[in-house]
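Undergrad: Numbered according to this note's numbering, the sequence shown spans residues 52 to 360.
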Amino acid sequence: VFPGVIEIGLYDIIVQVCKSGLSQHHPLKKYKDNRIAFWTDNYVYRHGMDEIVVVFEDVTQREKTLEELERRVKERTAELETANKELESFAYSVSHDLRAPLRAIKGFAQIISERYAGALPPEAGRYFDFIVRAGENMSILIQDLLDYSRLGRGALKIEAVSLAQTVDKALDTLGSKVKEERGKVTVEGTLHFVEADVTLLNRVLVNLVENALTYHPPERPPEINISSRREDGYVYLTIKDNGIGIDRKFYKRIFEIFQRLHSAEDYPGTGIGLAIVRKCVDLMGGEVSLKSTPGEGSVFSVKLKEALN
Ligand code: ADP
52 VFPGVIEIGL YDIIVQVCKS GLSQHHPLKK YKDNRIAFWT DNYVYRHGMD
102 EIVVVFEDVT QREKTLEELE RRVKERTAEL ETANKELESF AYSVSHDLRA
152 PLRAIKGFAQ IISERYAGAL PPEAGRYFDF IVRAGENMSI LIQDLLDYSR
202 LGRGALKIEA VSLAQTVDKA LDTLGSKVKE ERGKVTVEGT LHFVEADVTL
252 LNRVLVNLVE NALTYHPPER PPEINISSRR EDGYVYLTIK DNGIGIDRKF
302 YKRIFEIFQR LHSAEDYPGT GIGLAIVRKC VDLMGGEVSL KSTPGEGSVF
352 SVKLKEALN
C-alpha cells in the first residue's frame, strides 16, 4: 500500500502508535529546487487492541496551489509598496512645487487689496480678500501634505523616550490653544518610557491632543485626560476627551488622508492630522486605536513597545 514505509519513517510511527495507543499526525514533505515536490498528510491511530489505521492523503496539489498563492501575494505586496513610494514622492514634489506659485497669487492679491483699496469697487475688494483667504487655506493644506509625505524620508532614531517629557512638550506647544478653548488637561499617574522616535512621538501627541481640544461642543469646554499603562511588554498611551465623539462606522475612515467628518465652518482642519498620527505610529512599529461614544467623548490609544531603562 505504501512503498518505502520504513525509509520515510512511517513504520516507526506505526510501531509507536501500536505500543502507546496515542494517535499521531505524520506529514511527509519533499522539496525539489525550493518548490514542493510532494506532500502527504498521514494520520496513524490504533483501532481496538490489535489493529492500526493509517489515513493517507496526498495534498501535493493543494499545497502547491497555496505555495503559488503565497508567491503571488509577496509579488503583489512588493509592487504595491513600490507604487506607494512613487505616489508619496509624487505628492511630495507636487506640494513642494505648488508653494511658489501659490505664494505669488496670495502675495499679489494682498498687495492689490491693500495698496489699491480706495481705487477698487467694494465688491472687487471683497473678491480679493476671498483670494487671499483661499490662498492661506491652500498654504496650510500644502504644508500638511508636505509634512505627511516627508514622514519616514529621514532616518528614524528609535530610543527610550519618556512619555512624561513628550507630553509636557506637546502641552507647551498647545498652550495657547488650551487657553483659547478654556480646556483642562490632566495627566494621570506616572507615565512610562517607550521605544520611539522622539520627533514622531511628539507629532502624534500634538495631533491627538489638538483634536481633543478642537472637537467639542461650543458650550462644553474640553476636558482631556492623558494616561499610560503597561501590558505584556507594551505601553498603551491613552488620550481621553469629553468631546463630540465619533460614530463607530467612521473609526477607520478618519485615519485616511483628507477624510473629515465636519465642514471647515463647523471645525477648522485639513483632514491630515490622523493620517500623520497613523503613519508615525506605523513607522515606530506601534498601533493606534479608537473607542468613542458619540455625544460623550473619545479615547485614542497608542500602543508602543515598552522601553527598559
Ligand atoms: P482635521 O482635524 O484636520 O480635520 P484629522 O485627520 O486630525 O483632521 O481628523 C479627521 C476627522 O476626525 C476630523 O475632521 C473629525 O471629524 C474627526 N476627529 C478627530 N479627532 C476627533 C476627536 N477627538 N473627537 C471627535 N472627532 C474627531
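C-beta atoms are modelled at their ideal positions from N, C-alpha and C, and glycine is treated no differently.
Put serine 74 into one of helix, strand or coil per three-state DSSP.
TA: In the sequence shown, residue 74 corresponds to position 23, counting from 1. Coil.
Undergrad: Confirm the yes/no value for this check: CB of serine 349, any heavy atom of the ligand ADP, distance under 7 angstroms.
TA: For this step, residue 349 is matched to residue 298 along the sequence shown. Yes, the beta carbon of serine 349 sits closer than 7 angstroms to at least one heavy atom of the ligand ADP.
Undergrad: Which residue spans inside the segment 182-214 form an unbroken beta strand (DSSP E) run of at least 3?
TA: 210-213
Undergrad: Counting only runs of 3+ residues fully inside the segment 263-326, write out the beta strand (DSSP E) ranges in chain order.
TA: 274-282 and 285-291
Undergrad: Does DSSP put alanine 88 in a helix, in a strand, or in coil?
TA: As a position in the sequence shown, residue 88 is number 37, starting the count at 1. The answer is strand: DSSP assigns alanine 88 an E or B state.
Undergrad: Is the beta carbon of serine 349 less than 8 angstroms from the beta carbon of leucine 355?
TA: As a working mapping, residue 349 is identified with position 298 in the sequence shown. As a working mapping, residue 355 is identified with position 304 in the sequence shown. No, these two residues do not count as a Cβ contact at 8 angstroms.
Undergrad: Give the straight-line distance between the Cα atoms of histidine 76 and leucine 197, rounded to the nearest whole angstrom.
TA: By 1-based counting over the sequence shown, the position of residue 76 is 25. By 1-based counting over the sequence shown, the position of residue 197 is 146. Each residue's alpha carbon lies about 56 angstroms from the other.
Undergrad: Where does alanine 247 fall in DSSP's three states?
TA: Residue 247 sits at position 196 when you count from the first residue of the sequence shown. Strand.
Undergrad: So if DSSP puts histidine 98 in a beta bridge, which residue, or which two residues, is it bridged to?
TA: Taking the first residue of the sequence shown as position 1, residue 98 is located at position 47. According to DSSP, histidine 98 bridges with Glu102.
Undergrad: For tyrosine 318 and aspartate 219, I'd like the C-alpha separation in whole angstroms.
TA: In the sequence shown, counting from the first residue as 1, residue 318 sits at position 267. In the sequence shown, counting from the first residue as 1, residue 219 sits at position 168. One C-alpha to the other measures close to 25 angstroms.
Undergrad: I'd like to check one pair, leucine 251 with threonine 217: are the Cβ atoms closer than 8 angstroms?
TA: Working through the sequence shown from its first residue, we reach residue 217 at position 166. Working through the sequence shown from its first residue, we reach residue 251 at position 200. No; because the gap between Cβ atoms is not below 8 angstroms, this pair is not in contact.
Undergrad: Considering Cα atoms alone, identify which of Glu137, Glu102, Val332 and Ala129 is closest to glutamate 246.
TA: Here residue 246 refers to the residue found at position 195 of the sequence shown. Among Glu137, Glu102, Val332 and Ala129, the Cα nearest to that of glutamate 246 is on Val332.
Undergrad: Which word fits tyrosine 82, buried or exposed, when buried means at least 16 other C-beta atoms lie within 10 angstroms of its C-beta?
TA: The residue you call residue 82 lines up with position 31 of the sequence shown. Tyrosine 82 should be labelled exposed.
Undergrad: Can you round the beta-carbon distance between serine 164 and phenylalanine 179 to whole angstroms, since I take them to be within the 8 angstroms contact cut?
TA: Translated into the one-based positions of the sequence shown, residue 164 becomes position 113. Translated into the one-based positions of the sequence shown, residue 179 becomes position 128. 4 angstroms between Cβ atoms; contact.
Undergrad: Heavy atom of the ligand ADP less than 7 angstroms from the Cβ of leucine 251, yes or no?
TA: Working through the sequence shown from its first residue, we reach residue 251 at position 200. For the ligand ADP, not one heavy atom lies less than 7 angstroms from the Cβ of leucine 251.
Undergrad: Rounded to whole angstroms, how far is the Cβ of isoleucine 327 from the Cβ of asparagine 258, which I believe are closer than 8 angstroms?
TA: In the sequence shown, the residue the question calls residue 327 occupies position 276. In the sequence shown, the residue the question calls residue 258 occupies position 207. So it is a contact: roughly 6 angstroms between Cβ atoms.
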